[in-house]
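Mapped onto our numbering, the consecutive letters of the sequence shown carry residue numbers 1 to 306.
Beta carbons are placed, not taken as given, at the ideal position from N, Cα and C, and that holds for glycine.
Predicted model only: the values in this text are computed from it and were never measured.
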Amino acid sequence: MVYGFLPYGAAPYASPPEVATFAAAPGSRILLLSPAASDTATIAASSAVATLPASNLQNVQPTRKWRSQGIEANLFVTFPEDSEDGEISANTLGLTGVNLTHHALVRVRAAATAEDLDGSPSIDTGLASPWPGGVKPYARSWPQFTVLVFWENDQPFRFWQIDIVDAGGGLTYLEAGRLMLGKAWQPSINIDIGGDFLAYDPRDVVAETDRGYTFTDRRSESPPRLFTLNLTAGNRREIMDGLGEIQRLAGLAGDVICCIDPSDATDFHRYVMQGRFTAGPRFSAPQLFDQDGYTIGASINLREFL
Numbered sequence: 001m002v003y004g005f006l007p008y009g010a011a012p013y014a015s016p017p018e019v020a021t022f023a024a025a026p027g028s029r030i031l032l033l034s035p036a037a038s039d040t041a042t043i044a045a046s047s048a049v050a051t052l053p054a055s056n057l058q059n060v061q062p063t064r065k066w067r068s069q070g071i072e073a074n075l076f077v078t079f080p081e082d083s084e085d086g087e088i089s090a091n092t093l094g095l096t097g098v099n100l101t102h103h104a105l106v107r108v109r110a111a112a113t114a115e116d117l118d119g120s121p122s123i124d125t126g127l128a129s130p131w132p133g134g135v136k137p138y139a140r141s142w143p144q145f146t147v148l149v150f151w152e153n154d155q156p157f158r159f160w161q162i163d164i165v166d167a168g169g170g171l172t173y174l175e176a177g178r179l180m181l182g183k184a185w186q187p188s189i190n191i192d193i194g195g196d197f198l199a200y201d202p203r204d205v206v207a208e209t210d211r212g213y214t215f216t217d218r219r220s221e222s223p224p225r226l227f228t229l230n231l232t233a234g235n236r237r238e239i240m241d242g243l244g245e246i247q248r249l250a251g252l253a254g255d256v257i258c259c260i261d262p263s264d265a266t267d268f269h270r271y272v273m274q275g276r277f278t279a280g281p282r283f284s285a286p287q288l289f290d291q292d293g294y295t296i297g298a299s300i301n302l303r304e305f306l
């Protein structure tokens, strides 16, 4: 069911009444989530189609899906025991390329041992809607929907479990194309407000003849988005140890999930995407200072994976 008469815009699907929802990320500051840690983990699923395994969730291509064999499924994320990513103090889950409806509920648990995930997890978010405000946005031919789930946590855990159920939405299976589980990066000073921060990158072919005729070839129903974001002055440690390391590890081939404003429920689907950096790390030194000394400026340029 769709509210209103808008065929192209943000008219939302109806939401179940009084559905529990996750809290939004702190503030409206930009958020980046890197897969650097969770890509080292082992991901298993309670059910999967043989040709669409859970390992696809660690591939940058969101069209390479994990698909369950029903409308209830569990994902088990186990970090390696002997590595720098053996335990992760994650506070954010990102899933891209989901087919979830407005009936979907997600639960995240974490524990020091696999047995404690069922008996006494140290983190248990409970089942709640992954959609902001409990409402899935409607956008015609939207290429990849992304959901983010947030919780408070500063403790590292090796064993994680993600429960997903979507009953009542007409689905016969669940699917997702990318999973990221980690500690999200948010600067204490937000990106600059102003300029062209959001654009689309159509690759349609257009040919105009000498006689004035125009021939076109539409290459995608919804072209990839481009984020062009600038941060004039940020805390030096936040930029160097946070954003700088995310950009360094991702390069131009890796991916991140970026959300321009996690608190904006209406335009959340427009402001969040899985993308790759189109330029490497570059820092400036404005004549501005904070409690830790001189600040650092940086830019974030991303192109969406379709």
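Distance between T295 and W185, taken at the CA atoms: about 17 Å.
Excluding sequence positions up to five before and after N153, its CB lies within less than 7 Å of the CB of S89, A90, N91 and I123, all in the same chain and listed in chain order. A direct Cα-to-Cα measurement between F268 and D39 gives close to 25 Å. Secondary structure of S122 (DSSP, three-state): coil. Membership of L75 in the beta strand (DSSP E) is indicated by the continuous run E72 to T78. The criterion of a C-beta distance shorter than 9 Å is not satisfied by L148 and L243. Boundaries of the beta strand (DSSP E) around I300: I296 to E304. Taking N99 as the centre and dropping the five residues before and after it, the same chain places the C-beta of E175 closer than 6 Å to its C-beta, in chain order. Residues of the same chain with a CB within less than 6 Å of the CB of N301, apart from the 5 flanking positions on each side, are T228, T278 and A279 in chain order. Rounded to the nearest whole angstrom, the CA to CA distance from L75 to G27 is 29 Å.
Counting the other Cβ atoms within 10 Å of the Cβ of I193 gives fewer than 16, which makes it exposed. Going by C-alpha positions, G168 is about 23 Å away from G94. Distance from R64 to G177 at the Cβ level is roughly 6 Å; contact confirmed, criterion being Cβ atoms closer than 8 Å. Within the stretch 106 to 183, the runs of beta strand (DSSP E) at least 3 residues long that lie entirely inside it are, in chain order, 146 to 150, 159 to 165 and 178 to 182.
The shortest CA-to-CA distance from H103 to any of W131, D118 and T78 is the one to W131. Counting the other Cβ atoms within 10 Å of the Cβ of P202 gives fewer than 16, which makes it exposed.
Annotation: the stretch 239 to 285 contains the following complete segments of the alpha helix (DSSP H) (minimum length 4 residues), in chain order: 244 to 250 and 268 to 271. For the pair I257 and L231, the CB atoms are not nearer than the 9 Å cut-off. Counted as a single uninterrupted DSSP element, the beta strand (DSSP E) harbouring Y200 occupies residues L198 to Y200. If you look at F215, you'll find it in the beta strand (DSSP E) that goes T214 to D217. R109 is classed as buried because its beta carbon has at least 16 other beta carbons within 10 Å across all chains shown. In this structure, the CA atom of R236 is about 14 Å from the CA atom of S299. Across the set A285, D292 and P262, the C-alpha of P262 shows the shortest separation from the C-alpha of A25. Using a Cβ distance threshold of 9 Å, E208 and T214 count as a contacting pair.
The beta carbons of G170 and T21 sit no closer together than 9 Å. DSSP lists W185 and C258 as the bridge partner or partners of L32. Taken through DSSP and simplified to helix, strand or coil, D290 comes out as strand. If you check the CB distance, L179 and A36 do not come in under 9 Å. Within the same chain, and ignoring the five residues on either side of F283 in sequence, the residues whose Cβ sits closer than 6 Å to its Cβ are I296 and A298.
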